[in-house]
Structures are given as structure tokens and as C-alpha cells.
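Visitor:
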Amino acid sequence: TVGAVALDNDGRLAAAVSTGGIILKFPGRVGDSAIPGAGFYADRYGAAVATGVGETIMMSLLTYRAVQLIKEGYTAITAAKMALQFHTSLFGKDTAGLIIVDRSGTPYGAYNTQAMPWGYIRVDMEEPYISGFP
Amino acid sequence: MNGVVVVHAGAGTWRFFNRDEVTKVIKSSLRAGIEALKRGGTALDAVVNATIVLEDSGILNAGLGSVVDALGRLTMDAGVMDGYTGRAGAVAAVTYPKNPVVLARKVMELTDHIILSGSGADELAFRLNLPKHPGPTERVLKLYKEYVSKADPTSVRFAKNVKIAKELGMLD
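Line by line, the protein sequences are chains G and A.
The opening position of the first sequence corresponds to residue 16 in this note's numbering, with each subsequent residue numbered one higher.
The opening position of the second sequence corresponds to residue 4 in this note's numbering, with each subsequent residue numbered one higher.
(1) CB MET3(A) to CB MET84(A), shorter than 9 Å?
(2) Quick one: is SER60(A) buried, meaning 16 or more other Cβ sit within 10 Å of its Cβ, or exposed?
(3) What residue does the beta strand (DSSP E) around HIS11(A) start on, and which one ends it?
(4) Three or more C-beta pairs closer than 8 Å, one from the stretch 85–96 of chain A and one from the stretch 161–172 of chain A: is that the case here?
(5) Between the C-alpha atoms of GLY44(A) and ILE167(A), what's the straight-line distance to the nearest angstrom?
(6) Could you pull out every residue in the same chain whose Cβ sits closer than 7 Å to the Cβ of ILE117(A), ignoring the five residues on either side in sequence?
(7) If you draw a straight line from the alpha carbon of ILE37(A) to that of TRP133(G), how long is it in whole angstroms?
(8) Once the 5 residues before and after ASP73(G) are set aside, which same chain residues still bring their CB inside 7 Å of it?
(9) Run through the DSSP bridge pairs and tell me what PHE55(G) is partnered with.
(10) Helix, strand or coil for LEU67(A), going by three-state DSSP, please let me know.
(11) Are the stretch 122–134 of chain A and the stretch 17–27 of chain G touching by the rule of at least three beta carbon pairs closer than 8 Å?
(12) Inspect the beta-carbon positions of ARG108(A) and LEU47(A) and report whether they are closer than 9 Å.
(13) The stretch 18–40 of chain G: which residues have C-beta closer than 9 Å to a C-beta of chain A, in chain order?
(14) If you check the beta carbons only, do ALA57(G) and ALA95(G) fall under 9 Å apart?
(15) Can you pull the chain A neighbours of GLY67(G), defined as C-beta to C-beta under 7 Å?
(16) If contact means a Cβ-Cβ distance below 7 Å, which residues of the stretch 90–113 of chain G contact chain A?
(17) Step through the CB atoms of chain A and report whether any lies within less than 9 Å of the CB of VAL80(G).
(18) Report the CB separation of LEU57(A) from VAL10(A) in whole angstroms; it is logged as a contact under 8 Å.
(19) Taking DSSP's pairing of strands, which residues face ASP72(A) in a bridge?
(20) Compare the C-beta of LYS41(A) against all C-beta atoms of chain G and say whether one is closer than 9 Å.
(21) Hey, is SER75(G)'s beta-carbon within less than 9 Å of any beta-carbon in chain A?
(22) Within 9 Å (strictly less), CB to CB, does THR71(G) reach chain A?
(23) What residue from ASN5(A), THR114(A) and PHE19(A) has the CA that sits closest to LEU40(A)'s CA?
(24) For VAL32(G), collect the residues of the same chain with a Cβ closer than 6 Å to its Cβ; drop the 5 residues on either side in sequence, then sort them by chain order.
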């Protein structure tokens with residue numbers, strides 16, 4: 016699964032996600048990437064995109080949960096960590112990760128898997144920031 | 004001017020990938036997103052442009068690099084959401100488009116629906132003249148053959164899937 020979130024100059028937020036799903040999935044299976052609030056979510060407070068085991072992400076509504084936490088006043092970093100912690104408490108480790116950005120432009124990536132390569136770039140940055148490799 | 008783009012390449016073990024190759028793709032994706040913003044595009048333009056680069060890389064599990072299902076077929080999912088308008092669009096189990104994220108955006112912008120799935124979504128992609136997916140990569144087909152050859156229900160994560168697929172003769 017891959018995905019992106021962004022904040023533009025007018026303060027608008029957006030999220031996008033795309034995936035081939037899980038190898039050997041049962042034909043017809045739909046994962047979280049097609050479900051708003053699960054694999055992706057954006058409002059005027061934040062935007063988030065998830066990756067991992069779709070069946071768990073759909074049940075925890077991971078991205079909706081993370082953005083709601085921003086709406087409640089948490090930073091993007093804290094919101095991502097709290098949402099993922101809740102997810103992990105339900106489904107265990109090696110199940111999910113997410114990227115997030117809030118309306119102040121704070122980016123973050125959190126995951127309970129061994130790795131989740133992610134990065135961000137701001138308009139005024141020469142080189143992107145990259146993280147999340149094992 | 005303000006603006007930020009964040010991307011990810013998928014969560015997992017990442018044991019069998021070339022770090023430099025993946026880093027290069029992530030950087031290209033981020034640059035595609037931020038260039039959209041610099042040109043005056045919206046956050047939605049940025050995330051779609053960034054995701055297209057990831058889909059087109061062929062080395063990540065989306066778009067050209069998508070893995071296959073138990074029958075060895077590609078079925079892809081994608082979604083987009085514009086936080087300013089609160090609108091969303093998504094596609095599920097599509098086989099036709101090279102870039103499912105573009106089709107998801109079309110669902111959001113051109114239809115009254117949020118999710119289109121399967122043949123209906125593929126038909127929309129065809130009628131909109133979106134580029135067609137060329138099929139699974141050699142890397143993915145090799146991976147599929149390896150998985151199928153060792154499809155022991157006791158040794159894989161999705162044991163129930165493999166068990167029922169074998170019982171129904173779906174793993175050849």
C-alpha cells in the first residue's frame with residue numbers, strides 16, 4: 016500500500032491511498048484503502064492515510080480516529096501515536112501504520128510493524144526528510 | 004508560501020527491498036507532490052500526483068507493482084478525500100486502471116457516489132480513457148508462484164483464505 020497526505024497554501028488538507036491489497040487474498044476482497052475513515056480520511060483539522068492489515072484497520076477506523084484526536088486538540092504526532100496505540104491494543108503488533116498531517120503543517124509517520132518507509136517535504140525544503148526503514 | 008506533502012511506501016518487514024531504490028521513489032513522489040503545490044495546485048492535486056509516482060514505480064504494492072489475489076489476478080483499491088469540501092471517492096477491486104488513485108478522484112468529482120467497485124468501476128475507467136494496467140510484473144508473478152508452491156494453511160498468515168481456496172480448487 017502507498018499513500019500521501021498534504022496541506023496546501025490555503026490551509027486545505029487532502030489524503031490519497033492506493034494498493035494491490037494482500038497477496039493471495041480471496042478474490043473480491045476489499046481492504047481499508049477503499050473505505051473512508053479506515054484507510055484514508057481528511058477534514059479541516061487533519062489528514063491521514065493508513066497501511067497494514069486492512070481487516071484490522073477497518074475495525075479500528077484508524078485514520079478517522081487519528082484525525083478526530085487532532086480535532087480534540089492533540090498534535091499530529093500525539094494523535095498518530097494514540098490512534099496507533101489504540102489499534103495495537105486491539106489487534107497487536109505488525110498490523111498497521113499511518114502518516115498524518117495537521118492544519119499547522121506538522122507531519123508524522125507511526126507504525127507498529129518492523130518498518131514503514133515514509134518521508135515529507137515542505138515547500139521551503141531543498142531535500143526531503145526520509146525515515147522508517149528497518 | 005506554505006505547504007507540506009507526506010508519503011509512505013507501505014508498512015511491513017521490508018526485508019527484501021533495495022533501500023536506495025525505495026528512497027529514490029519516495030523522493031520522486033514527494034517532489035511530484037510539492038511541485039503541484041508550487042504550481043498553485045491544491046492539496047488534493049498534491050496527494051494524487053504523489054501517489055501516481057508511487058503507483059508507477061512498479062516496486063511498491065500499488066498500481067504497476069500491485070500483488071495478485073489467489074487466482075493470480077490483480078484487484079486494486081484506492082481512495083481520495085478532500086478535507087476542505089469533505090468529499091471522498093474510492094474504488095475497490097478494480098482491474099483496469101494503471102492508476103486507481105486517478106479513478107478514485109474521478110468517482111469523487113464526476114459521480115454522486117463514494118465507492119465504485121469491480122466491473123462498474125473498470126467500465127468507468129475504460130470510458131474515461133484512463134490508461135490500462137499492463138498486468139502483474141515479473142517480480143509479482145514470481146512471488147505468487149513461490150507463495151502458491153508453499154501454500155500450506157498452517158504456515159501462512161491468511162490460513163483460512165488458503166484453506167478455502169485450496170478446497171475450492173482456486174490455487175491450481
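We put the CB at the ideal spot given by N, CA and C, even for glycine.
Guide: A quick look at the data gives this:
(1) Missing from the structure shown is residue 3(A); chain A here goes from 4 to 175 and no further.
(2) buried
(3) Taken as a continuous stretch (DSSP letters only), the beta strand (DSSP E) holding HIS11(A) covers 7–11.
(4) no
(5) 47 Å
(6) ALA91, GLY92 and ALA93
(7) 15 Å
(8) One point to set straight first is that residue 73(G) is Met, not Asp, in the sequence displayed. If we look at MET73(G) and ignore the five residues flanking it on each side, its Cβ neighbours are ASP47, ILE50 and ALA53.
(9) PRO51(G) and VAL64(G)
(10) Assignment of LEU67(A) by DSSP, reduced to helix, strand and coil, places it in the helix class.
(11) Counting Cβ pairs under 8 Å, fewer than three are found: no touch.
(12) yes
(13) GLY18, ALA19, VAL20, ALA21, LEU22, ASP23, ASN24, ASP25, GLY26, ARG27, LEU28, ALA29, ALA30, ALA31, VAL32, SER33, THR34, GLY35, GLY36, ILE37, ILE38, LEU39 and LYS40
(14) no
(15) ALA14
(16) ALA111 and GLY112
(17) Sequence inspection shows Arg at residue 80(G); the Val mentioned does not correspond to that position. It does not: the Cβ of ARG80(G) has no partner Cβ on chain A nearer than 9 Å.
(18) 7 Å
(19) ASP72(A) is not bridged to any residue.
(20) yes
(21) no
(22) Interface residue (Cβ-Cβ distance to chain A less than 9 Å): THR71(G) is not classified as such.
(23) ASN5(A)
(24) GLY18, SER48, GLY54, PHE55 and VAL64
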